[in-house]
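Visitor:
2 protein chains.
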Amino acid sequence: MTAGAEIDWADHALTTLQEAGHRRGGARTAVVEALAAHDCAVTALDLDDELARRRPRVARASVYRALEQLEQLGLVRRIEVGRGVAGYERVDPTGHHHHHAICRDCGRMVPFEDRSLERAIGKLCEDLDFEVAEHDVVLRGRCQHCSL
Amino acid sequence: MTAGAEIDWADHALTTLQEAGHRRGGARTAVVEALAAHDCAVTALDLDDELARRRPRVARASVYRALEQLEQLGLVRRIEVGRGVAGYERVDPTGHHHHHAICRDCGRMVPFEDRSLERAIGKLCEDLDFEVAEHDVVLRGRCQHCSL
DNA sequence: AAGCTTAATGAGAATGAATCTAGTTTGCGT
DNA sequence: ACGCAAACTAGATTCATTCTCATTAAGCTT
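Protein sequences appear in the order of chains A and B. With my numbering applied, the first sequence covers 1 to 148. With my numbering applied, the second sequence covers 1001 to 1148.
#1: What do you get for glycine 1122 of chain B, buried or exposed, if any count of 16 or more other CB atoms within 10 angstroms of its CB means buried?
#2: Answer with buried or exposed for alanine 1133 of chain B, where buried requires no fewer than 16 other C-beta atoms within 10 angstroms of its C-beta.
#3: Considering only C-alpha positions, which residue in the set B/Phe1130, B/Leu1073, B/Val1138 is nearest to arginine 1104 of chain B?
#4: Which residues bound the alpha helix (DSSP H) around leucine 47 of chain A?
#5: Would you kindly report the start and end of the unbroken alpha helix (DSSP H) that includes leucine 1148 of chain B?
#6: Ends of the beta strand (DSSP E) at leucine 122 of chain A?
#7: Express the C-alpha separation of glutamate 1068 of chain B and leucine 1051 of chain B in angstroms, rounding to a whole number.
#8: Considering only C-alpha positions, which residue in the set A/Val91, A/Arg23, A/His97, A/Cys40 is nearest to leucine 73 of chain A?
#9: Grouping DSSP H, G and I as helix and E and B as strand, with all else coil, what is alanine 59 of chain A?
#10: Report yes or no: is there a C-beta of chain A within less than 7 angstroms of the C-beta of leucine 1117 of chain B?
#11: Does the beta-carbon distance from isoleucine 1079 of chain B to aspartate 1039 of chain B come in below 7 angstroms?
#12: Counting contacts by CB-CB distance shorter than 7 angstroms, is glycine 1084 of chain B in contact with chain A?
#13: Note down, in chain order, every chain A residue with its Cβ under 7 angstroms from the Cβ of leucine 1128 of chain B.
#14: Quick check on DSSP: helix, strand or coil for valine 91 of chain A?
#15: Rounded to a whole number of angstroms, what is the C-alpha to C-alpha distance between leucine 1128 of chain B and aspartate 46 of chain A?
#16: Considering just the uninterrupted stretch of the alpha helix (DSSP H) at glycine 1026 of chain B, what are its terminal residues?
#17: Can you round the beta-carbon distance between alanine 1088 of chain B and alanine 1044 of chain B to whole angstroms, since I take them to be within the 8 angstroms contact cut?
#18: Strictly below 7 angstroms CB to CB, what residues from chain B border glutamine 144 of chain A?
#19: Check the Cβ of arginine 140 of chain A against every Cβ in chain B and list those closer than 9 angstroms, keeping chain order.
#20: Pull up the distance between the alpha-carbon of arginine 1054 of chain B and that of alanine 1027 of chain B, whole angstroms please.
#21: What residues in its chain sit with their C-beta under 6 angstroms from that of tryptophan 1009 of chain B, if we drop five residues either side in the sequence?
#22: Work out the CA separation of proline 1056 of chain B and aspartate 48 of chain A for me, nearest whole Å.
#23: Just list the residues that DSSP pairs glycine 141 of chain A with in beta bridges.
#24: Run through DSSP, which three-state label would alanine 945 of chain B get?
#25: To which residues of the same chain is valine 1063 of chain B closer than 8 angstroms at the C-beta, ignoring the five residues directly before and after it?
#26: Which whole-angstrom value describes the C-beta separation of arginine 1108 of chain B and cysteine 1143 of chain B, a residue pair presumed to lie in contact below a C-beta threshold of 8 angstroms?
#27: Does any CB atom of chain A fall closer than 7 angstroms to the CB of alanine 1120 of chain B?
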């Protein structure tokens, strides 16, 4: 992976937050930095774990609050990674994105992308009486490792 | 909707349960009947509400247990309908299914189906190093009613 | 039909992710 | 530097879901 992508995203996120009228606080900045370091979805509690070591400590509530605000601004997207557990991952400002195949056995997430899938979704959204803002595709089954 | 679809599904579900070695209990049968009466996803608590009036009362734990077993047997599928809330809907034995557009504002679910979407998913699953058992597509945005 | 084994059930406690509350700190415009 | 609203922390709370365990009843066996 290139070193630039995450830095750019963190920068972009902090700028967007500021433009949206948010002040610059330590906890939220820490959440942005932590998200920037991940390529794929992380749960809020994982982030909380990571940030618990920081001084001053980042509170769990701040993690959730930051994630909610980031989601509202379209900077991160939220996906369900398991029974009632949400994962969050950064949104590339170019609109480029991937989806996930999740293993039922080990919980591993395999990201994938597919142009014709995106095309099909784009087209069907036009025909729908619904103002679609985002879409999510989740495949569930057994990963290569677990099917042996 | 035809009157037959649900009855057939309930029948099929009860038969499948029996073949899987399950005894025939009142609570689970009640859950199957309740699911059969719904065309689209219902939450476990909605089902619990409906069944709370029955005599003898169906316990909440039984609702969840039954849903889990039905899901395991591929008789119902589980989808996330809102922050940490699961919805369940019956699976048509023919494989025929729909997906959902969910309104961010009012929570309304609009079912839709699309052949080219299914085709795209089918094809990409073949290319993936992953044994895909099921897929889920969720569109999020604003429904016709809420965008006015 | 009575007895037996064990799945199924009901009631309520326990869990765990997510949210809320209250009091404190801090960013930032004035 | 001052003051006020936003952001923060810690911990309580909520709410869907899961677990426990005592009880009931399905459906063999005889």
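No residue lacks a Cβ here, since even glycine has one placed at the ideal position from N, Cα and C.
Guide: On the basis of the supplied data:
#1: As a first step, residue 1122 of chain B must be located in the second sequence, where it is residue number 122. Label assigned to glycine 1122 of chain B: exposed.
#2: The residue you call residue 1133 of chain B lines up with position 133 of the second sequence. Looking at its Cβ environment, which holds fewer than 16 other Cβ atoms inside 10 Å, alanine 1133 of chain B is exposed.
#3: Translated into the one-based positions of the second sequence, residue 1104 of chain B becomes position 104. That would be B/Val1138, whose Cα lies nearest to the Cα of arginine 1104 of chain B.
#4: As a first step, residue 47 of chain A must be located in the first sequence, where it is residue number 47. Residues 44-52.
#5: In the second sequence, counting from the first residue as 1, residue 1148 of chain B sits at position 148. Taken as a continuous stretch (DSSP letters only), leucine 1148 of chain B belongs to no alpha helix (DSSP H), as it is neither H nor E.
#6: Looking up residue 122 of chain A in the first sequence gives position 122. Correcting the residue type first, residue 122 of chain A is glycine in the shown sequence and not leucine. No beta strand (DSSP E) holds glycine 122 of chain A; the alpha helix (DSSP H) holding it covers 115-127.
#7: For the purposes of this step, residue 1051 of chain B is taken as the residue at position 51 of the second sequence. For the purposes of this step, residue 1068 of chain B is taken as the residue at position 68 of the second sequence. Approximately 17 angstroms, taken between the alpha carbons.
#8: In the first sequence, residue 73 of chain A corresponds to position 73, counting from 1. Ranking A/Val91, A/Arg23, A/His97, A/Cys40 by Cα distance to leucine 73 of chain A puts A/Val91 first.
#9: Position 59 of the first sequence, counting from 1, holds the residue named residue 59 of chain A. Three-state result, alanine 59 of chain A: coil.
#10: Residue numbering aside, residue 1117 of chain B sits at position 117 when the second sequence is read from its first letter. So yes, leucine 1117 of chain B belongs to the interface.
#11: Your numbering for residue 1079 of chain B matches position 79 in the second sequence. Your numbering for residue 1039 of chain B matches position 39 in the second sequence. Contact flag unset, no.
#12: The count along the second sequence starts at 1 and reaches residue 1084 of chain B at position 84. Answer yes: the Cβ-Cβ gap between glycine 1084 of chain B and chain A drops below 7 angstroms somewhere.
#13: Here the question's residue 1128 of chain B lines up with position 128 in the second sequence. Correct list: Ala101, Phe112.
#14: Translated into positions along the first sequence, residue 91 of chain A becomes position 91. Here valine 91 of chain A sits in coil by DSSP.
#15: Numbered from its first residue, the second sequence carries residue 1128 of chain B at position 128. Numbered from its first residue, the first sequence carries residue 46 of chain A at position 46. Spanning the two alpha carbons is a distance of roughly 28 angstroms.
#16: The sequence position of residue 1026 of chain B within the second sequence is 26, counting from 1. First-last of the alpha helix (DSSP H) with glycine 1026 of chain B: 1026-1036.
#17: As a working mapping, residue 1088 of chain B is identified with position 88 in the second sequence. As a working mapping, residue 1044 of chain B is identified with position 44 in the second sequence. Residue 1088 of chain B is actually tyrosine in this sequence, not alanine. 7 angstroms between Cβ atoms; contact.
#18: Here residue 144 of chain A refers to the residue found at position 144 of the first sequence. What glutamine 144 of chain A touches in chain B: Asp1129, Phe1130.
#19: Here residue 140 of chain A is taken as the residue at index 140 of the first sequence, counted from 1. Within chain B, the residues near arginine 140 of chain A are Val1132, Ala1133, Glu1134, His1135, Asp1136.
#20: Stepping through the second sequence from its first residue, residue 1054 of chain B is reached at position 54. Stepping through the second sequence from its first residue, residue 1027 of chain B is reached at position 27. So the alpha carbons of these two residues sit roughly 10 angstroms apart.
#21: Along the second sequence, one-based indexing puts residue 1009 of chain B at 9. Around tryptophan 1009 of chain B: Ala1036, Arg1090.
#22: Counting from one through the first sequence, the residue named residue 48 of chain A turns up at place 48. Counting from one through the second sequence, the residue named residue 1056 of chain B turns up at place 56. Distance between the alpha carbons of aspartate 48 of chain A and proline 1056 of chain B: 45 angstroms.
#23: In the first sequence, counting from the first residue as 1, residue 141 of chain A sits at position 141. Paired residue(s): A/Cys103, B/Val1132.
#24: No statement about residue 945 of chain B is possible, as the shown extent of chain B runs from 1001 to 1148 and does not include it.
#25: Residue numbering aside, residue 1063 of chain B sits at position 63 when the second sequence is read from its first letter. If we look at valine 1063 of chain B and ignore the five residues flanking it on each side, its Cβ neighbours are Ala1027, Val1031, Ala1044, Leu1047, Asp1048, Leu1051.
#26: Start at 1 with the first residue of the second sequence, and residue 1108 of chain B comes out as number 108. Start at 1 with the first residue of the second sequence, and residue 1143 of chain B comes out as number 143. About 5 angstroms separates the two Cβ atoms, so the contact holds.
#27: Here residue 1120 of chain B corresponds to residue number 120 of the second sequence, with the count starting at 1. Answer yes: the Cβ-Cβ gap between alanine 1120 of chain B and chain A drops below 7 angstroms somewhere.
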